[in-house]
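Under the numbering used here, residues 6 to 302 are what the sequence shown spells out, in order. Comments concern the structure below.
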Amino acid sequence: MQPAPDLPAWLRAELPYHRRSTEIAGRTITFVDHGPEDAQPVLLVHGNPTWSYLWRKVIGMLDGATLRIIAPDLPGFGTSDKPRRASAHQLDMHIGTVSTLLEQLGLRAPITVGQDWGGPIACGVGERVGAAGLVIGNTAVLKPARPFRPKGFHRFSHMPVVSDAVFRGLLFPVPIMDRVQGDRRSIGFKEKLAYAWPFLRPLDRAGALGLARMVPNGEHHPSTAVMDRVGAWVESFEGPAALVWARRDPILGRGLRRHSDALPQATVRECDAGHFSQEEVPELWAAAIREVAEALP
């Protein structure tokens, strides 16, 4: 383990927590490691097109809790190494990377927390290394509904040439992240700059396109079998759980009923935020994590 690369001063002020790096499968992976080493681990997994910066407010609100927060930058995001081919981004790869990180740290049975693609990745990690508790929000962690009906955003990501040009050339979808928020001011100029900063070079921008293409669109898509397996694990999970669900999310806002049915023991915090609810209601995420931690034996 090594210290993570330095952040610019303006970002370090926003994300002041201890950051480390390690090598996994030939890639440098960076992560926040905050809290006592012997405390209950909490794994925070971001989605598309974010990085561990997304969790900064939640981490701050967990100060004082006896928890060890691990918040990785997935390959292709934040200050982790960035594969230059979108096809490098496979769900199993991301699950394996985060699972290996926990194994290197000697951590098992974390409270797994995820939103957007962070949900299935966190749950996939739980399926591999165990999970003491589960907190998810505005995600899709269950077996894909049949017939497959990918949204326009995901269909667009498969268009030859033009999708590459838009995702890489225009840093899509970072410039429009505010449009999926309940309060568009929650992702203003400063936040967009922070989400754009890891992608200064167009060659480093394959991550957002790769994760968009990870959405299963048929039985033979590489993510389909993985999502079926992860979904079965979620449906069998009996530990403490919580859902944080934002109604004003145009992407995944309608998924609450299906997930609450699959996790009947989960407490539900529903709110009027948008997709990146950590920016709008971090206190709900922090409360859900504390609640699950307090419910552990």
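We put the CB at the ideal spot given by N, CA and C, even for glycine.
Check	Outcome
Bounding residues of the alpha helix (DSSP H) (the contiguous stretch that carries R61)	R61 to M66
Every unbroken alpha helix (DSSP H) within the stretch 222 to 258, with a cutoff of 4 residues, ordered by chain	227 to 241
A307 to A14 span [Cα, whole Å]	One cannot answer for residue 307 here, as it falls past the ends of the chain, which runs 6 to 302.
Neighbour-count burial assignment, V50, 16 or more Cβ in a 10 Å radius	buried
Cβ neighbour criterion (16 or more within 10 Å) applied to V249	buried
Whether I126 touches I100 by CB criterion (8 Å)	yes
Residue from R274, Y58 and F82 with nearest C-alpha to A18	Y58
Nearest residue (CA-CA) to S92, options P80, V37 and D254	P80
Given G174 as reference, the closest of L214, G138, S228 and P152 once Cα atoms are compared	L214
Chain D within 8 Å of L110, Cβ atoms only	Although the question refers to chain D, the structure presented lacks it and comprises just one protein chain.
Coarse secondary structure for P21, derived from DSSP in three states	coil
beta-carbon D254 near the ligand NAD non-hydrogen atom, thresh 7 Å	Ligands displayed in this structure: none; no statement on the ligand NAD is therefore possible.
Nonlocal neighbours in the same chain, by C-beta distance under 8 Å from E243, ignoring five residues either side	Q270
V37 versus A30 - alpha carbon distance	19 Å
Secondary structure of H159, DSSP reduced to three states	helix
R133 in three-state terms, based on DSSP	helix
Beta bridge counterpart(s) of L4 as assigned by DSSP	The chain is shown only over 6 to 302; residue 4 falls outside these bounds and no answer can be derived.
Where G40 sits in the DSSP three-state scheme	coil
Residue from A201, R189 and G212 with nearest C-alpha to E285	R189
Simplified DSSP assignment, three categories, for R89	coil
Distance CB(A388)-CB(A251) smaller than 8 Å	Within the shown structure, residues of the chain are numbered from 6 to 302, placing residue 388 beyond reach of any answer.
CA nearest to the CA of H2, picked from R263, R262, V297 and I256	Beyond the ends of the chain as shown, which are 6 and 302, falls residue 2; an answer cannot be given.
Nearest to D121 (by Cα), restricted to the options H226, L16 and L216	L216
For R151, three-class secondary structure by DSSP	coil
Identified DSSP bridge partners for E275	W250
Which of helix, strand or coil DSSP assigns to T33	strand
Cβ contact check for the stretch 129 to 137 and the stretch 62 to 82: 3 or more pairs under 8 Å	no
Reduced DSSP secondary structure (H/G/I, E/B, other) of P8	strand
Identified DSSP bridge partners for T27	I34
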